[in-house]
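Below is one structure, written out as C-alpha cells; comments come after it.
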Amino acid sequence: MTAKIHGAIQGVQERMNDFIIGHYPVKEALLLALISQEHLYMQGEPGCAKTLLAEVASDTANLNFHFSQLHRDTRLTELVGDVILEKKELPGGKGEVIRQKLMPGGVLTCEVALLDDICRAPGEALNVLLGILNERKFLDLKIPLMTAIATTNPTEDEYYNEPLDPANLDRFTLQLKTQGAVTSSNWDEARKILDRYEGFPAEMLSEGRVSADALRDAFKAHKKVLLPPVVLSAYRRILDDLRNRFGCDAGNSLLTDRTMLVKVPKLIKAMAFLHGRDTAETEDLRVLKYILTFRVPENVYENLDQIIDQAIEENEQEQSDEEQGEQMQGLQEQEEQAAGSEEQDAEGEGENALIQEILDSLQAETQKTESLKSVQQRANGGDQSSKVTRSAPQQVENLEFLLEKIRGRLERNPAEMEMHPGGSPRSYRRMRSFEDFLDADYVETAIWLDRLNPTLPRSYLRKKKHMGGKVIIVRDVSQSMEGRYARWTSSVVTKLVEMVRRKRMRVGYIEFNHVSHKYQHDGRFFTRDYDKIIDSAANVTCSGVTNYQYPLRDALEEFRKGRSENKHILFLTDGEPTQGDWLVREERRQAKGMGVAIHTLFIGTTECPEILDILSEETDGSRFLATPNDKGGLLIEERHDRGMMDRYLGRPDAGEPRRDDVSSASRNT
Amino acid sequence: MNSESAKTIANQFVDLRKEMDKFVVGHETVKTGLILGMMSREHIYIEGPPGMAKTMLAEIVAAASNLKFYLYQFHRDTRLAELVGDVVIQRERDGDNGELIVQSIRKGGVLTAEICVLDDISRAPGEALNVLLRILNERQFQTDPIPLLTAIATSNPTVDDYYNEPLDPANLDRFTIQIRSSGLIQENQWDQVQEVINLYSDSEFSDEVKPQAMLSRKVFDNAYEVLHKVTVPDLVKRCLIDLLSRFVNQFKLDPSNSLITDRSFLVKTIKVLKAQALLSGRIEVVPDDLNILSFMTTFRVPEEINRSMPALVAETIQRVAS
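Protein sequences, first through last, are from chains D and X. Here the first sequence is numbered in the working numbering, starting from 1 and rising by one per residue. Here the second sequence is numbered in the working numbering, starting from 1001 and rising by one per residue.
Shown next, in the form of C-alpha cells:
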C-alpha cells in the first residue's frame, strides 16, 4: 500500500512539473499540505503561476475541488452555500415563522478549496471563513475539507488589499513566498518557460490524475512516521534559539503553541513521509522553511538554514556528551504505541505527550537562559537580532515623543475609513432609497418582497480607506547643517517617513538652502514610494545659506495642485533665514488660507528663531526644539512658550506692545 | 500552412487599419497596438488625456471587427453585477424544507461579449476591480468559459486632477498590450492637426461614425489558429532572455519599481511576437519583431527605460547575433 501511496504522490509531482517549470519549493509545500491536510498560504507577485500551481495540484489529486476568486464584494454565502428559508404556519392563524438555514456548498462540501486573492476580501467576511477552516466544521457539521490553499499578491498598498491579521494568518500552517523566474534571475528556467509555452499548451486533460484515495491514505500513513528523540530535541533547540537567541517574541513573531507545538511535529512527519522515510531525520526539520515564512522577522527567516544547521550540530554534541537515553526512550515508546494504533484518540494522546515534553523542557531551558540572556542583552546594548540598517536613530533622544505628537496631529482630521459607495461592505445599514435594493441583503429582500412592511431590508454600509492626507518634509541643508546635524536630521526624516507610511499618507520631500530643491519621482512630487524618500534623505550634502521663502512657496504650490483635505508641512532647520523675506509673510498668509499645518523642528544650541514659532502658531502646527545632549546625541522637546508669540501678535493679554523690531528687520532685506 | 494564408490574414487586418484611418488621423501606435492585441487575443490598456479619441478608436475597431460588443463606462460606484450582467434572486421550493434563495447572475456584459471596451477603468475604486482578474486572465466566470477575445480598457492618467485611482499591478498585468498616448496638439503633430480640422470641417462629413463591419469571428478564429503555427527561432528567444536579464541585472528592475512577470514576458510576449510576424505576412518571427516589447513595457518599467526600448532592442539583437 505504501508503494501505491508514493506512486500517487509522485504522479501529482510529475503532473505539476509538466505544467509548471521550476517553483520546487511551492510544489513541495503543496504536497506537504495534501499529505498532512494542513492549509497553505502563498504570497507572490502577479503572473508567477501561483493559482495555476494550486489548480494543477488539486486537479491531479482528483479531489472534490472548489475555486473561489475572492473580491471586494465576496459574501459569505458565495463561499459556504445557499440560504434556505424555512416557513412554518403557526396553528390558529397566529402568523408564520420564518427561519434562515444554510444549504452547505462551496467550502463546506469540497475537499480542496482554492481561495484565490484572499486579501482582496474584506476582513469581516473572512473571519467566519477562516474560523471554518480551523475548526473544520460548520455549526455542528463536520466538513470534508482536507486543505485550503490561499493565494495573494504582495500585501502592499498599490494592490488595494488587506493583509490577513495574525490570528487569521496562523490558520495557514504552511506559508511561502513565491517569485517569478525573471525577477529571481533564473534564466535557464525562463528559457524553459519560453519553450514550454511557445505552442500554447493544451487544456488540462483528465488523464494523469491520481486516485483520490491514495492521498487520503497518505494522510493516515504519514502519522505513523516515527519522530526519534534526536529530532525532537533538535527541534526544541531551534525553538529555544528563535525565542532567546534571536529575540522572536509576541511583538515581532507569530509563534503560537497551536502551530509550533501541535502542527509542526505533524509536518516533520509529513516531510519524512514525502521523502519516502518512515522515521524522521533532523534533515526533515527543514520543513520549517515553509512554516516560519511570515511568522518570524525577515532577517531571522533569511538565516533559517544556518539556525537549523547550528541547532542540529549543537544538539548532536550534547547528545553524545550527556546520557539522556532513558527519558527519551519512554517517549519513543509512547510514540510508537500511538503510531501503532489506528484510534484517533490514542494518537492524539501520543501527540499531547510530545507537546508536553517539548513544553516542559522549553520552560526549563528558558529559566536557565533568562538571566544569561539579560546579561547578554545589556552587553550588546539591546536586541541583537534587530538590524540597524540606516542611520542610527537611537542617537536621537525623545524622537518617539515627537513622532507621537505629530502622529496625533496627522490623525486628528481624517478618519481612517470613510463612507464611500465604492468601498468594501463593512457592515449593514438601513436602506435610504429603493436604489439601495441593488446592494441590499438578498435574503431580506426576498422576505420583504413577500410581505411588504415598513422595515426595509438591510443594505451594505460601504467604507473605503481614506486616501490619507499629504505631508511635505522640508529640510534645511545649508552649510551649518553639515556633519552631526545632517545625520540626526536624516534619522528624524527616516522616522517621520516611516510613520507617514503607516498612515498611508503621500509624502513629498524638499531640501533647501538659498534655493529649494523638490524631489520628483516619475514626474510626481507626492509619492508613496517611501523608500526612495528615505534614500534621498540619507544622502545629503550641505552648503549655502538659508532662505525659508522658496521651500515654503514650493510646498504650498504643490498643495495647491491637489485637493487633499489634510495637509502638513514638517519643517526641519537649524538656523534663521539669512535671505529673502525673514518673516515669510506671503507664504504664511497662503498657508493659513489653505489650511496647511506647518510643524517646525529647530535643531541647535542657539535660541530658536521666532519665525518658527510664528509659523507653527499661526498655522496650528506643533513646535519642537532639538538640542545636542551630553551623550553626543540629540534631545527633542516640545516648545510651549507662547509669550513671545503673544507679544508679537499684540494679543491684549500679553501686556506689551507689538515687537516692531522684528518686522522692521525684515523690511530691510 | 503556407505563407499565402499569412498574407491573406495580414491583408484582412490591413483593411481594419484602413477603416480606423478613415475616422481617426494619426495615433499610429494606438492603432498598431489595437490590432496586435485583437490578433493575439490579448487585452489592451490605453492611457491618455481626455479627448484624444481613445474610446472612439476602441469603438471603431470593435464595430469594424463585427464581434459581439459591449461597452461599459466605469464610475465611482461600479459594482460587480453591472459588469457581468444582472443580479437575479432565484427562489425555489425545496421540498418541505422551505424555500431555497440564491443570488445569481444572469450573464450579460463582459460575460457574453466577444470584445468589450472598459471605458475609464480607473474611475472605479481600485478595490472593485479584482473581479475582472480571473475573467480577463482565464476567460472564465466561476467555472464557465466566456467568449471574450479582447478587452480594451481606457483610462485618463492617474494624477490627482482626475478623480481616479491607478490600476493595481495584478490587474495592470492582465493587460498585455499597454499604450500611452496623448493628443495631436500636445504631440506637436501639426500636419495631422490640419488633417483633423479639414476632415471635421468638411460639410460632407457626417458626425456619426459608422465604421463598416468588415471582419468576423471566423476571421479572428482563423488568424488565431495560424498564429499558433508561427515559428519562433532560437535567436529571437535568446535575444528576449538577454534583454530581460539586462532589465534585472543592469537596470536593477525589481518588483518595487517594475512589473516584470513571467506571465507577461515569458508567455504572452511570444504570442504578440507571432502576431507581429503574421501582421507582416510572415510565418516566422524575426528579431526585429522584438520591437513589440515597447507595447508591453509601457507601464511595466520606469519611463526612461521604456523610452529607450527601441535602442535597447536594436543593441540586444546586434549583441546576441554576433
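For every residue, glycine included, the Cβ atom is placed at its ideal position computed from N, Cα and C.
Collapsed DSSP secondary structure at residue i in the structure displayed
i: Y460 (chain D); result: strand
i: G105 (chain D); result: coil
i: D1262 (chain X); result: helix
i: V1196 (chain X); result: helix
i: E158 (chain D); result: helix
i: S480 (chain D); result: helix
i: M146 (chain D); result: coil
i: K368 (chain D); result: Model confidence at K368 (chain D) stands at a pLDDT of 46, short of 50, so the residue's coordinates are unreliable; what they give is reported in the following sentence. If DSSP states are grouped into helix, strand and coil, K368 (chain D) belongs with the helices.
i: F19 (chain D); result: helix
i: K518 (chain D); result: strand
i: G1085 (chain X); result: strand
i: S1189 (chain X); result: Rather than Ser, the amino acid found at residue 1189 (chain X) in this sequence is Gln. In the structure shown, Q1189 (chain X) sits in coil (DSSP, three-state: anything other than H, G, I, E or B).
i: K1252 (chain X); result: coil
i: C248 (chain D); result: coil
i: S1104 (chain X); result: strand
i: R432 (chain D); result: coil
i: K679 (chain D); result: Past the boundaries of the shown model lies residue 679 (chain D); chain D is included only from 1 to 669, so the question cannot be answered.
Rounded Cβ spacing between residue i and residue j (contact assumed at less than 8 Å)
i: N629 (chain D); j: G580 (chain D); result: Not quite, the Cβ-Cβ distance comes to about 32 Å (not below 8 Å), so this is no contact.
i: L304 (chain D); j: L288 (chain D); result: 6 Å
i: L40 (chain D); j: Q13 (chain D); result: Actually they are not in contact, since the Cβ atoms of L40 (chain D) and Q13 (chain D) sit about 16 Å apart, beyond 8 Å.
i: I20 (chain D); j: L52 (chain D); result: 6 Å
i: V515 (chain D); j: F559 (chain D); result: Contact doesn't hold; Cβ gap of about 20 Å is too wide.
i: I1101 (chain X); j: I1089 (chain X); result: 7 Å
Residue nearest to residue i in terms of C-alpha spacing, selected from the options
i: T1261 (chain X); options: X:E1304, X:G1037 and X:F1247; result: X:F1247
i: S427 (chain D); options: D:K463, D:G593 and D:Y442; result: D:K463
i: V1226 (chain X); options: X:G1281, X:L1199, X:E1195 and X:F1175; result: X:G1281
i: G604 (chain D); options: D:I598, D:M481, D:N453 and D:Q310; result: D:M481
i: L1118 (chain X); options: X:E1059, X:D1168, X:V1088 and X:P1157; result: X:E1059
i: R623 (chain D); options: D:G633, D:K631 and D:E637; result: D:E637
i: E1047 (chain X); options: X:L1057, X:M1038, X:R1041 and X:S1040; result: X:L1057
i: T455 (chain D); options: D:R429, D:R484 and D:E111; result: D:R429
i: F1381 (chain X); options: X:D1289, X:H1228 and X:A1213; result: Since the first residue of chain X shown is 1001 and the last is 1322, residue 1381 (chain X) is not available in this structure.
i: Q1194 (chain X); options: X:R1106, X:N1011, X:K1210 and X:G1026; result: X:G1026
i: E111 (chain D); options: D:C542, D:A212 and D:R245; result: D:A212
i: G586 (chain D); options: D:E576, D:K561 and D:E618; result: First, the amino acid is wrong: residue 586 (chain D) is Glu here, not Gly. Taking only the C-alpha atoms, the option nearest E586 (chain D) is D:E618.
i: F401 (chain D); options: D:V300, D:K495 and D:M594; result: D:K495
i: P985 (chain X); options: X:T1150, X:R1263, X:Q1189 and X:R1300; result: With chain X running from 1001 to 1322 in the structure shown, residue 985 (chain X) is simply not present.
i: K192 (chain D); options: D:G22, D:M146 and D:K470; result: D:G22
Residue range of the beta strand (DSSP E) that includes residue i
i: M42 (chain D); result: L40 to G44
i: S25 (chain D); result: Per the sequence shown, residue 25 (chain D) should be read as Pro rather than Ser. From DSSP, P25 (chain D) is part of no beta strand (DSSP E) but of the alpha helix (DSSP H) over Y24 to S36.
i: L1071 (chain X); result: F1069 to Q1073
i: I1045 (chain X); result: For clarity, residue 1045 (chain X) is Tyr in the given sequence; the question names Ile instead. Taken as a continuous stretch (DSSP letters only), the beta strand (DSSP E) holding Y1045 (chain X) covers I1044 to E1047.
Extent of the continuous alpha helix (DSSP H) to which residue i belongs
i: L227 (chain D); result: From DSSP, L227 (chain D) is part of no alpha helix (DSSP H); its letter is neither H nor E.
i: P551 (chain D); result: Q549 to K561
i: F1295 (chain X); result: L1293 to T1297
i: S622 (chain D); result: It is not in any alpha helix (DSSP H) - S622 (chain D) carries neither H nor E in the DSSP assignment.
i: R1134 (chain X); result: V1131 to E1138
i: A1153 (chain X); result: Here A1153 (chain X) belongs to no alpha helix (DSSP H); instead the beta strand (DSSP E) covers T1150 to S1155.
i: D309 (chain D); result: L304 to D321
i: D116 (chain D); result: Run containing D116 (chain D): none in the alpha helix (DSSP H); it sits in the beta strand (DSSP E), V112 to D116.
i: C1239 (chain X); result: D1234 to S1245
i: A1314 (chain X); result: M1309 to A1321
i: H568 (chain D); result: Not the alpha helix (DSSP H): H568 (chain D) falls in the beta strand (DSSP E), residues K567 to T573.
i: H222 (chain D); result: A212 to H222
is_contact[residue i, chain B] using C-beta, thresh 9 Å
i: L1259 (chain X); result: Among the protein chains in the structure shown, which are D and X, there is no chain B.
**Message:** Does the contact criterion of 3 or more C-beta pairs under 8 Å hold for the stretch 1254-1263 of chain X versus the stretch 1070-1082 of chain X?
**Reply:** Output reads no: the stretch 1070-1082 of chain X does not touch the stretch 1254-1263 of chain X.
**Asked** Would the stretch 1312-1319 of chain X and the stretch 1224-1242 of chain X be scored as touching if the rule is three or more Cβ pairs under 8 Å?
**Response** Output reads yes: the stretch 1224-1242 of chain X touches the stretch 1312-1319 of chain X.
**Asked** Is there contact between the stretch 37-51 of chain D and the stretch 171-183 of chain D, where contact requires at least three CB pairs shorter than 8 Å?
**Response** Yes, the stretch 37-51 of chain D touches the stretch 171-183 of chain D.
**Asked** Is it true that the stretch 1108-1115 of chain X meets the stretch 1051-1069 of chain X, where meeting means three or more beta-carbon pairs spaced less than 8 Å apart?
**Response** Per the Cβ contact rule, the stretch 1108-1115 of chain X is in contact with the stretch 1051-1069 of chain X (3 or more Cβ pairs under 8 Å).
**Validate contact between the stretch 1267-1275 of chain X and the stretch 1027-1042 of chain X using beta carbons, cut 8 Å, 3 pairs** = Under the three-pair Cβ rule at 8 Å, the stretch 1267-1275 of chain X counts as touching the stretch 1027-1042 of chain X.
**Asked** Would you say the stretch 303-319 of chain D touches the stretch 252-270 of chain D, given that touching needs at least three Cβ pairs under 8 Å?
**Response** Contact between the stretch 303-319 of chain D and the stretch 252-270 of chain D is not established, with fewer than three Cβ pairs separated by less than 8 Å.
**Prompt:** Is there contact between the stretch 570-587 of chain D and the stretch 532-549 of chain D, where contact requires at least three CB pairs shorter than 8 Å?
**Reply:** By the Cβ rule, the stretch 570-587 of chain D counts as touching the stretch 532-549 of chain D, because three or more pairs are nearer than 8 Å.
**Item:** Three or more C-beta pairs below 8 Å linking the stretch 1018-1033 of chain X and the stretch 1128-1148 of chain X
**Value:** No: the two stretches stay apart, fewer than three of their Cβ pairs being nearer than 8 Å.
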